[in-house]
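Everything in the sequence shown is counted per numbering that gives the first Met the number 0, starting at 0 for the first residue and increasing by one.
Glycine is no exception: its CB is placed at the ideal position from the N, C-alpha and C atoms.
Keep in mind that this is a model prediction, so the values were computed, not measured.
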Amino acid sequence: MSDIATLERELRQSSTADDWAKLLRSSQSKTVAAVEGLNPLRQQALSQASGLTLPSKRDEEWRFTDLADLVKVEFQTLPAPALAPDQLEAFILPEARHSRLVFINGAYNVAGSDLSALPASVFVGPFSQLPAQGQARLLDYLGQSEGLGEAFTVLNTAGLDDVAVVWLPPETLLETPVHLLFLTAVAHTPALVQPRLLVVAEDHSRLTLAESYGAVTDNCSDRPQHQPYFNNIVAEIFLGDNAQLTHLRNQRDSGDSFHIAKTAVNQQKNSHYQLVDINLGAKLSRHNLDVVQQGEQTTTQLFGLTAIAGRQVADTHSAIYLRYSHGTTEQLHKTIVDDYAHGIFNGKVLVPQAAQLTNAAQLNRNLLLSSKARINTKPELQITADNVKCSHGATVSQLEADELFYLRSRGLNDADARHLLIDAFAGEILQRLPLPALQKRLEQCIACRTL
0 MSDIATLERE
10 LRQSSTADDW
20 AKLLRSSQSK
30 TVAAVEGLNP
40 LRQQALSQAS
50 GLTLPSKRDE
60 EWRFTDLADL
70 VKVEFQTLPA
80 PALAPDQLEA
90 FILPEARHSR
100 LVFINGAYNV
110 AGSDLSALPA
120 SVFVGPFSQL
130 PAQGQARLLD
140 YLGQSEGLGE
150 AFTVLNTAGL
160 DDVAVVWLPP
170 ETLLETPVHL
180 LFLTAVAHTP
190 ALVQPRLLVV
200 AEDHSRLTLA
210 ESYGAVTDNC
220 SDRPQHQPYF
230 NNIVAEIFLG
240 DNAQLTHLRN
250 QRDSGDSFHI
260 AKTAVNQQKN
270 SHYQLVDINL
280 GAKLSRHNLD
290 VVQQGEQTTT
300 QLFGLTAIAG
310 RQVADTHSAI
320 YLRYSHGTTE
330 QLHKTIVDDY
340 AHGIFNGKVL
350 VPQAAQLTNA
360 AQLNRNLLLS
370 SKARINTKPE
380 LQITADNVKC
390 SHGATVSQLE
400 ADELFYLRSR
410 GLNDADARHL
420 LIDAFAGEIL
430 QRLPLPALQK
440 RLEQCIACRT
450 L
């Protein structure tokens, strides 16, 4: 009887055509595209959308991620409000004070942006400010990544107004980090915000990029504000031959928001991509990350940390496609789960016959701080090549009683001993952030959440 009841509940909660149409209408509430050159992409996505529905728990890739709360809310696209300087200051990174691009509710914020530290040869700004020739050039990249046919990605493209662009010409070694700051102003009307990001690092270029998401509030960005919003994000990244990108992504959306993101990375030969991905906020968050190695001697490093509590759900789905020989991948994803929160990790590494002499390692480590917390982890290796070195694994554990006892025997109280162990667990990822201000800020966030 209980199985039938469960099935009926799942069917009621499953996404329907009405749910999809409702979201699509919200996405289209801005009737005119800000940039004429983006209209063909929008129209193509609208045509594609007619054959799609929202994923549900009956889909293998979404079986642990329940969208029932998301589809209950009527979202609207909202205009961007003015932002007081002190509201913005809390998000500014000192290392990128004069190389930051700010978007509020998905719209470019001129007053908050400052790009004075960047050389003229580099373009960082909205797509709408590119000359026609530049727009035509970038349309060869925009919307061209594999795997953009997923429902939420199509939804983003169908509502495309503008794009945050970072474009490095060949041989450009940019020492100043670039900060892309996407903020959502919490309002009484639930907002649908659909940021779009395009990064093109041409041959032999190098860049450190920080990508941040947060809520404009009077208190901590990732605390619940009792006003939901939905951030639906797509980022496309293209690295040319020998290009290097250090990508620092941190998500601190408000605790009753929804955050669904797609990052598609395309790497040419000898390129190096490193991601440090920190997820703290949102009631429901999901990051779909696809990396495609499209040349030999390519290196991919993915480091992730998720820390959730309350009844948060955080889902990380990654796929690394190695298609040429001598590729290297390294992935370490950690999750800290407290209270009734639910963490999900699914990481795939695909090594076909052509990817000989691949060196791939993947590890997912999870720390449960509560007996009610949940983890679902599924590391996957799909290998058909015969001369490779590949490994993967997953661990789920609690704080070790022996380690707590040892620390308490050295004079620490129970709370301090727990914090020391949790900080050490998170520190392995946070220490990979090359921007000290960002590292310190996120360390404080982790410490605050585990008090």
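Reducing DSSP to helix, strand and coil, say where Tyr339 ends up.
Reduced to three states, the DSSP call for Tyr339 is coil.
Distance check for Ser370 and Cys324, CA to CA, integer angstroms please.
Before going on, a small fix: residue 324 reads as Ser here, not Cys. Near 44 Å, if we compare the C-alpha coordinates of Ser370 and Ser324.
Just to confirm, is the Cβ distance from Phe151 to Asn278 under 7 Å?
Contact flag unset, no.
State yes or no: is the C-beta of Ile236 nearer than 6 Å to some heavy atom of the ligand SAH?
Inclusion of the ligand SAH in the displayed structure is not the case, the ligand content being empty and no account of it being possible.
I need the DSSP call for Arg136, collapsed to helix, strand or coil.
Note: Arg136 maps to helix in three-state DSSP.
Which of the three DSSP states is assigned to Tyr323 in this structure?
Reduced to three states, the DSSP call for Tyr323 is coil.
Gly111 by DSSP, collapsed to three states: which one?
It is coil, neither helix nor strand.
According to DSSP, is Cys219 helix, strand or coil?
Coil, per DSSP.
Take Arg41 and list the residues in its own chain whose beta-carbon comes closer than 7 Å to its own, dropping the five residues that flank it on each side.
Cβ within range, chain order: Ala32, Thr156, Ala157, Leu159.
With C-beta atoms as the reference, is Leu437 less than 7 Å away from Leu173?
For Leu437 and Leu173, no; Cβs fall outside 7 Å.
Would the stretch 222 to 239 and the stretch 257 to 264 be scored as touching if the rule is three or more Cβ pairs under 8 Å?
Yes, the stretch 222 to 239 touches the stretch 257 to 264.
Tell me, please, which residues DSSP counts as bridged to Cys389.
Looking at the DSSP assignment, Cys389 forms a beta bridge with Ala359.
For Ile335, which residues of its own chain have a beta-carbon under 6 Å away from its beta-carbon, when the five flanking residues on both sides are left out?
The answer, listed in chain order, is Ala306, Leu366.
So which of Gln226, Thr315, Gly342, Ser127 has the shortest CA-CA distance to Thr188?
Ranking Gln226, Thr315, Gly342, Ser127 by Cα distance to Thr188 puts Gln226 first.
Would you mind working out which of Arg417, Asp413, Leu77 sits nearest Leu368, comparing C-alpha positions?
The residue with the shortest Cα to Cα distance from Leu368 is Arg417.
Does DSSP classify Arg251 as helix, strand or coil?
Note: Arg251 maps to strand in three-state DSSP.
Can you tell which of Leu37, Ala81, Pro84, Arg57 has its C-alpha closest to the C-alpha of Val162?
Checked all of Leu37, Ala81, Pro84, Arg57; the closest Cα to Val162 is Leu37.
Would you decide whether Pro118 is buried or exposed? Buried here means 16 or more other CB atoms lie within 10 Å of its CB.
Flag for Pro118 reads exposed.
Mind listing, in chain order, the continuous alpha helix (DSSP H) runs of no fewer than 4 residues lying wholly within the stretch 173 to 226?
Runs found: none.
Using 10 angstroms around the beta-carbon of Lys333, count the other beta-carbons present and answer buried if the total reaches 16, otherwise exposed.
It is buried - the Cβ of Lys333 has at least 16 other Cβ atoms within 10 Å.
Could you name the residues of the same chain whose beta carbon sits closer than 6 Å to that of Asp18, not counting the 5 residues immediately before and after it, in chain order?
So the list reads Leu53, Val70, once near-sequence residues are dropped.
Let me confirm a value: Lys282 is counted as buried when at least 16 other C-beta atoms fall within 10 Å, else exposed. Which label applies?
Classification of Lys282: buried, given that the 10 Å Cβ count is 16 or more.
Would you mind stating whether Ala354 and Ser390 have Cβ atoms separated by less than 7 Å?
No, the Cβ-Cβ distance between Ala354 and Ser390 is not below 7 Å.
Is it right to say Glu210 is buried, meaning 16 or more other beta carbons lie within 10 angstroms of its own, or is it exposed?
Answer is buried; the Cβ neighbour count reaches 16.
From Gln86, Gln266, Leu247, Arg24, pick the residue whose C-alpha is nearest to that of Thr76; which is it?
With distances taken between Cα atoms, Thr76 lies closest to Arg24.
If you draw a straight line from the alpha carbon of His178 to that of Ala106, how long is it in whole angstroms?
Whole-angstrom Cα-Cα distance: 16 Å.
Rounded to the nearest angstrom, what separates Thr30 and Glu427 at their Cα positions?
In this prediction, Thr30 has a pLDDT of 49, which is less than 50 and means its spatial position is unreliable; what the coordinates show is noted afterwards. Approximately 46 Å, taken between the alpha carbons.
For Phe329, does the three-state DSSP call read helix, strand or coil?
The question names Phe, yet the displayed sequence has Glu at residue 329. Here Glu329 sits in strand by DSSP.
On the criterion of 16 or more Cβ atoms from any shown chain inside 10 Å, does Asn386 qualify as buried, or is it exposed?
Result: exposed.
Excluding the 5 residues flanking Gly142 on each side, which residues of the same chain have their C-beta closer than 7 Å to its C-beta?
Within the same chain, Gly142 has close Cβ partners Leu40, Thr156.
For Gly294, I'd like the list of residues in its chain whose CB is within less than 8 Å of its CB, leaving aside the five on either flank, ordered along the chain.
Same-chain partners within the cutoff: Asp240, Gln266, Gln267, Lys268, Asn269, Ser270, Tyr323.
In its own chain, which residues sit with a C-beta less than 7 Å from the C-beta of Ala446, not counting the 5 before and 5 after it?
His418, Asp422.
DSSP puts Trp19 in a beta bridge; with which residues?
Trp19 pairs with nothing; no bridge assigned.
DSSP has Gln381 in a bridge; who is on the other side?
The partner list for Gln381 (beta bridge, DSSP) reads Leu349.
With Ser284 as the anchor, note down where its beta strand (DSSP E) starts and where it stops.
Where Ser284 is concerned, the enclosing beta strand (DSSP E) stretches over 283 to 292.
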